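Report on one structure; see the data block that follows.
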Amino acid sequence: MNYPDGVNMMANTSVLAVSLPMTPVTVLFGPHVAFNAFLTLALAFTGISWYLVLSRQFVTSRLAAWVGALFAAFAPSMISHAGGHPNIVSQFLVPLIIWRTLALRAPGRAVRNGMILSGLLVWQAFINLEILFMTAVGLGIFCAVMALARRRRTEVIPFLRGLGVTAAVTLAVLAYPLRVQFFGPQSYQGLSELIRSFGADLGSFTAYAQRSIAGNSLTASKLAQNAAEENSFFGWGLVILFFGLVAWMRRSVAVVSLAGIALFFGAMSLGPRIQLNGVPTEVPGLWAMLHSVPILNSAVPTRWAMAIAPMIAIVLALGCQKASDLMKAQPSARGPVRAAMITAVAMALVPLAPTPLRTAHMEPVPEFVTSGAWRQYIDDNHTLVSLPLTEPSYTDPLRWSAYTGHDMRIASAYALLPNQNPLDPTDRTALFAPPWRPTSGLMSSIKQGNPTPEITATRREMTLADLRFWKAGAIVLTPQERDIEMLRAMTQLLGFQPTWTGGAWVWDVRNLVDDPKAMLG
64 MNYPDGVNMM
74 ANTSVLAVSL
84 PMTPVTVLFG
94 PHVAFNAFLT
104 LALAFTGISW
114 YLVLSRQFVT
124 SRLAAWVGAL
134 FAAFAPSMIS
144 HAGGHPNIVS
154 QFLVPLIIWR
164 TLALRAPGRA
174 VRNGMILSGL
184 LVWQAFINLE
194 ILFMTAVGLG
204 IFCAVMALAR
214 RRRTEVIPFL
224 RGLGVTAAVT
234 LAVLAYPLRV
244 QFFGPQSYQG
254 LSELIRSFGA
264 DLGSFTAYAQ
274 RSIAGNSLTA
284 SKLAQNAAEE
294 NSFFGWGLVI
304 LFFGLVAWMR
314 RSVAVVSLAG
324 IALFFGAMSL
334 GPRIQLNGVP
344 TEVPGLWAML
354 HSVPILNSAV
364 PTRWAMAIAP
374 MIAIVLALGC
384 QKASDLMKAQ
394 PSARGPVRAA
404 MITAVAMALV
414 PLAPTPLRTA
424 HMEPVPEFVT
434 SGAWRQYIDD
444 NHTLVSLPLT
454 EPSYTDPLRW
464 SAYTGHDMRI
474 ASAYALLPNQ
484 NPLDPTDRTA
494 LFAPPWRPTS
504 GLMSSIKQGN
514 PTPEITATRR
524 EMTLADLRFW
534 KAGAIVLTPQ
544 ERDIEMLRAM
554 TQLLGFQPTW
564 TGGAWVWDVR
574 NLVDDPKAML
584 G
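Numbering (our numbering), first residue to last: 64 to 584.
Below, the structure written as structure tokens:
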């Protein structure tokens, strides 16, 4: 991808901790089956993990554990990201990290507990660092508050020793991968200003996501940047229940701490400027002071709201447990308490129940790829250039390359790549595609419906320079919207007609690229 510069896989969502174990599935059944299996198992394992940790460490009631686990695994934010971000919904390590972090306070086991936690942190680092970072921030605040509230040296000292072991081992293992991510080839320095301003709408916290049975796409689309970032849609029922449970259990420092962290994360998620029901306000958010801080400048602020769901899940489980304990302690109140709790939980969670994810038929991989016809044009010294080039709005060539086991090199990519602004060489913020080039810009413009500009000698020179930069072996155009316009433009640029081969128009440009004296005209 993105020949000749390549892609920094540590700085992208390579999910090595999942993709490597799933290699047999990918090899035997292909990347689409592997992706769908990954996505489905990510949600399932997240729910199972939460149930195991809640039922064994936080509550004794299985029903309470089920309520918390189901919400943690299938919260609206999880279903939203399940539309295309399996790395984000792979949160099966989060409850384990929480459990093992709290276990550091056990005396006499600093090395053992530190090593176990370190293994989980390294594993999560190769799934999604953003989830790991938010988990670390939340746990850090919670542990600090609990240490101050409990004031037990017998817990604090073993905890710090275990944390030291964890830090030493984790940093030793991740030193090289993180160096590659932040300072290696094709690394970048923070996200663009636009992405860093993606904050959650204040009105979305009491609204319903479009993939919830009480939601609709029209309302949700006004309150979120896109369907994959509905991180803060909890609905009125759950918001009321959450704060009601916090008030009911207010004597628990842990519950109050969780509520405080949830409010803090909610404030972080609002972005640099607060929006209310789709209308920007002039009120600055907490993120305004933080969005340019290194490391934080690579985070999407709205996703801090996603980290609220696990805290709500824990409070739900604790609330159900307290109701269960109350019914056991006061048999005469069993009926009213049970009815009240079931009604409250049902009113809060039933409207959030997820609807099936939308699916779409993929365009078939062209015969030009499946038959192996591409091999006569593409080799170690030549790439495939698609029209338009691969970008967020056109990712088909990535599927073609995956079909070939990535034997087929392609120019461009849909990936996080550093900006290369000639007017500002210091700007290395992330782009979601390679930096602009004349030919890629021209084809994208035509694809978007703009008229084809006049094909001049200067434009032909720029196209030839681009093809040589990409070491193009073949230019490929498949049937799609605006294909005739792109075909005519490329034909005028090259000066010769393409060949219809295996369901695609193909221009053989190897002679133009390999011969330094060749000219277009």
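Each residue gets a CB set at the ideal place from its N, CA and C atoms; glycine is no exception.
Please read all numbers here as calculations on a predicted model, not as lab measurements.
How is the beta strand (DSSP E) around residue i delimited, first residue to last?
i: W568; result: A567 to D571
i: S507; result: Unbroken run through S507 is the alpha helix (DSSP H), P501 to K510; no beta strand (DSSP E).
i: P343; result: V342 to P347
i: V78; result: No beta strand (DSSP E) contains V78, which DSSP labels as neither H nor E.
i: W563; result: T562 to T564
i: A231; result: From DSSP, A231 is part of no beta strand (DSSP E) but of the alpha helix (DSSP H) over R216 to F246.
i: E338; result: According to the sequence shown, residue 338 is Gln rather than Glu. Here the beta strand (DSSP E) through Q338 covers R336 to L339.
If you reduce the DSSP assignment to three classes, tell me which class residue i lands in.
i: Q120; result: helix
i: I473; result: strand
i: T458; result: coil
i: Y440; result: coil
i: A478; result: coil
i: G536; result: strand
i: T492; result: coil
i: T453; result: strand
i: Y66; result: strand
i: P427; result: coil
i: S275; result: strand
i: V363; result: coil
i: T587; result: With the chain covering only 64 through 584, there is no way to say anything about residue 587.
i: P419; result: coil
i: H95; result: helix
i: R313; result: coil
i: Q249; result: coil
i: A201; result: In the sequence as presented, Ala is not what sits at residue 201; that position holds Gly. G201: helix per DSSP, three-state reduction.
i: S143; result: helix
Going along the chain, which residues of its own chain have a beta-carbon closer than 6 Å to the beta-carbon of residue i, five neighbours each way excluded?
i: V116; result: P158 and W162
i: S387; result: S124
i: S260; result: G334 and P335
i: M141; result: V152
i: G278; result: Y271 and A272
Which same chain residues end up closer than 7 Å to residue i when comparing Cβ atoms and leaving out the 5 residues on each side of it in sequence?
i: P498; result: N482 and Q483
i: N360; result: G253, L254, R259 and H354
i: S280; result: Q273
i: N289; result: none
i: A670; result: The requested residue 670 does not occur in the structure, where the chain is confined to residues 64 to 584.
i: T467; result: V432
Along the chain, where does the alpha helix (DSSP H) that runs through residue i open and close?
i: V432; result: E430 to T433
i: Q384; result: I371 to A392
i: S181; result: A173 to A188
i: K285; result: S280 to L286
i: S592; result: Residue 592 is absent from the structure shown; the chain starts at 64 and stops at 584.
i: V400; result: R397 to L412
i: V130; result: R125 to F137
Excluding five sequence neighbours on each side, which residues of the same chain lie with their C-beta closer than 8 Å to the C-beta of residue i?
i: Q560; result: T554
i: A476; result: M64, N65, V70, T453, L461, A496 and P497
i: G329; result: A263, F268, S295, W367, A368 and I371
i: G203; result: none
Could you tell me if residue i is buried or exposed, where buried requires 16 or more neighbouring beta carbons within 10 angstroms of its beta carbon?
i: A511; result: First, the residue type needs correcting, since residue 511 is Gln and not Ala in the sequence shown. Its Cβ having fewer than 16 others within 10 Å, Q511 is exposed.
i: M352; result: exposed
i: K385; result: buried
i: G558; result: exposed
i: D605; result: An answer regarding residue 605 cannot be provided, because it is not within the stretch 64 to 584 covered by the chain.
i: S144; result: It is His, not Ser, that sits at residue 144 in the sequence shown. Per the 10 Å Cβ criterion, buried.
i: G171; result: exposed
i: R216; result: exposed
i: P343; result: exposed
i: D470; result: exposed
With a threshold of 7 Å (Cβ to nearest heavy atom), would residue i be considered close to the ligand HEM?
i: L211; result: What this structure holds is no ligand at all, so the ligand HEM is not there to describe.
Does the segment 194 to 210 come close enough to the segment 239 to 255 to have 3 or more Cβ pairs within less than 8 Å?
no
Given 8 Å as the limit, is there contact between the segment 132 to 142 and the segment 103 to 119, that is, 3 or more CB pairs closer than that?
yes
Is there contact here, the segment 335 to 346 with the segment 302 to 309, by at least three beta-carbon pairs under 8 Å?
no
Pairing CB atoms from the segment 442 to 452 with CB atoms from the segment 518 to 534, are three or more of them under 8 Å?
yes
For the segment 427 to 447 and the segment 563 to 580, state whether three or more C-beta atom pairs, one from each stretch, are separated by less than 8 Å.
yes
Between the segment 161 to 178 and the segment 342 to 351, do three or more beta carbon pairs fall short of 8 Å?
no
Are the segment 231 to 250 and the segment 69 to 88 touching, with three or more C-beta to C-beta distances below 8 Å?
yes
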